[in-house]
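Notes to accompany the following structure.
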Amino acid sequence: MDISKIYRKDIKRGDLLIAEPFMEDAMFKRKVVLMCENSPEGSFGFILNTLSGFKINELIEDFPYFDAEVYVGGPVGEDTVHFLHRCGPIIDGTQKIRENIWWGGDFNSLKEEIRRGNIYPDDIRFFLGYSGWSAGQLEEEQDDQSWIVSSQYKDFFGDPEDLWKKVLTEMGSEFKIMANYPENPILN
């Protein structure tokens with residue numbers, strides 16, 4: 022196993038950060054984060070596999086009826102709502118993260134496209150908060166081998182349950198082995 026490829030530091034927009042199997046941090050334990058930006062000034066992304074227990078209509082009063090779950094994006098700005106989507110430029114002001122994945126855009130444009138029936142719940146993910154790293158912080162976590170980095174994955178807009186395991190398994194060989202590590206080896 023080539024450790025330098027698993028814990029690479031050249032994290033790009035659209036990459037996934039996959040928590041190493043024995044990460045202790047409760048917020049990120051067995052989590053998958055989609056990176057939206059990584060620069061010398063800092064980095065941010067969204068946890069893809071933690072449901073908040075809310076629907077978007079429960080959080081925003083004037084939002085058109087839309088049966089979409091809200092996820093916990095991370096511990097920063099937990100009073101803010103963000104969204105990733107597969108709708109492309111039909112939403113004004115959106116930013117492309119990678120092929121078929123965009124971040125944000127004008128909220129009024131989003132609501133209008135929902136009202137028109139151009140956006141479906143399977144096309145979008147809403148998040149409370151985000152995951153953020155200050156300058157140099159993510160590099161330090163990489164030095165500690167906290168995150169496995171991958172640009173290989175098919176679709177994370179499906180069921181979030183077992184996403185951590187599914188992403189590692191999809192990566193192949195040694196990662197399949199990691200995907201089956203017990204959460205607590207003492208209980209194994």
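Numbering-wise, this note's numbering puts 111 at position 90 of the sequence shown, and it's gapless, one number per residue. The beta carbon of each residue, even a glycine, is placed where N, CA and C say it ideally should be.
Considering only the alpha carbon of each residue, which of K187, Q116 and I169 lies closest to F43?
I169
Between which two residues does the alpha helix (DSSP H) holding V197 run?
In the sequence as presented, Val is not what sits at residue 197; that position holds Lys. Segment S194 to A200, the alpha helix (DSSP H) holding K197.
Whole angstroms is fine: what's the gap from G193's alpha carbon to I39's?
14 angstroms
Figure out for me which residue from D143, F104, E134 and P110 has the closest Cα to the Cα of W124.
F104
Where G126 falls: helix, strand or coil (DSSP):
coil
Along the alpha helix (DSSP H) that carries E162, what are the first and last residues, could you check?
Q158 to D164
State the DSSP-derived secondary structure class of T190, mapped to helix, strand or coil.
helix
Does the pairing of the region 91-99 with the region 136-154 give three or more beta-carbon distances under 8 angstroms?
yes
Which residues in the same chain have their Cβ closer than 7 angstroms to the Cβ of G63, if we skip the five residues on either side of it in sequence?
G153, W154, S155 and A156
Which of helix, strand or coil does DSSP assign to L131?
helix
Go ahead and pull the three-state DSSP assignment for L184.
helix
Taking buried to mean at least 16 other C-beta atoms within 10 Å of its own C-beta, is L80 buried or exposed?
exposed
Smallest Cα separation from Q116: which of R34, E204, A200 and N201?
R34
Element boundaries [beta strand (DSSP E), containing L55]:
V53 to S60
Pick from K186, E182 and I198 that is closest to L70, judged by C-alpha positions
According to the sequence as given, residue 70 is Asn; it is not Leu. It is E182.
In terms of residue numbering, what span does the alpha helix (DSSP H) encompassing L8 cover?
The structure shown does not extend to residue 8, since the chain is modelled only from 22 to 209, so the question has no answer here.
Under the rule that 16 or more other beta-carbon atoms within 10 Å means buried, what is G179, buried or exposed?
exposed
Between the C-alpha atoms of R18 and F67, what's the straight-line distance to the nearest angstrom?
Coverage of the chain is limited to positions 22 through 209, which leaves residue 18 absent and any answer about it impossible.
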